[in-house]
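A short write-up of the structure that comes next.
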Amino acid sequence: MARSYDKATIADLIDGKLPWPDLKDMMSSYKDPDRFDKYVAVLQERVPWADRIVLPLGPHLFVVKKADGTLVTKSTSGFEFGDYRENWKLKARIFVRDSDEKYEEIYPHLAHAHPDWMELREFYDPIDGTLLWVDAVPPGYPIVHNFQPDLEAFYRDWLGRPL
């Protein structure tokens, strides 16, 4: 039987404050049916804008439904990357770690990939500079849109309600 968690517990989970025994119990139990709604409600309370979060994509990135009904990818700061079906990464600020010097800003000497074989692409929010995503790819690899959800099916088939 699924245990139900309150919004305060979900907030502690998001913030990494949930004690290990509680976290282990949560991971080992069936998921409560309204956890997604509680999770989204906690996130909604934390953003400075009113657009409704439809699907979280990461800690600071969401698919939101605007007042006019359009669905866009939006960051915590309020930057709109455009239609959620488009590759939001192309509108982010991008920093590429492609040299020993750049790698050694975050990794110890000789503890990183060789720049001829891999580069790290860091995607940042254009407004506040929050790190949104990191890709580790071979040099020259295209910037791929890694997730395009079927929102209608998710809401209809998983949540049992219309989008």
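For the sequence shown, the working numbering begins at 1150 and goes up steadily by one. By construction, the Cβ of each residue, glycine as well, lies at the ideal position given by its N, Cα and C atoms.
- Straight across, the Cα-Cα distance linking Pro1298 with Lys1180 is about 21 Å.
- Beta-bridge partners assigned by DSSP to Leu1280: Tyr1273.
- According to the DSSP assignment, Phe1211 belongs to the beta strand (DSSP E) that extends over Leu1210 to Lys1214.
- Sequence-distant partners of Lys1215 (beyond 5 residues in either direction) whose C-beta falls short of 7 Å from its own C-beta, in its chain, are Asp1200 and Val1221.
- In chain order, Thr1225 place their CB closer than 6 Å to the CB of Val1196, counting only its own chain and leaving out the 5 sequence neighbours on each side.
- For Thr1158, the enclosing alpha helix (DSSP H) starts and ends at Lys1156 to Ile1163.
- By the 16-neighbour rule on beta-carbons within 10 angstroms, Glu1254 is exposed.
- For Arg1195, the uninterrupted alpha helix (DSSP H) run begins and ends at Arg1184 to Arg1195, by DSSP.
- Counting the other Cβ atoms within 10 Å of the Cβ of Leu1312 gives fewer than 16, which makes it exposed.
- Counting the other Cβ atoms within 10 Å of the Cβ of Ala1157 gives fewer than 16, which makes it exposed.
- Tyr1154 is the residue among Leu1300, Tyr1154, Val1191 and Val1189 whose C-alpha sits nearest the C-alpha of Met1176.
- The criterion of a C-beta distance shorter than 8 Å is satisfied by Ile1292 and Asn1236.
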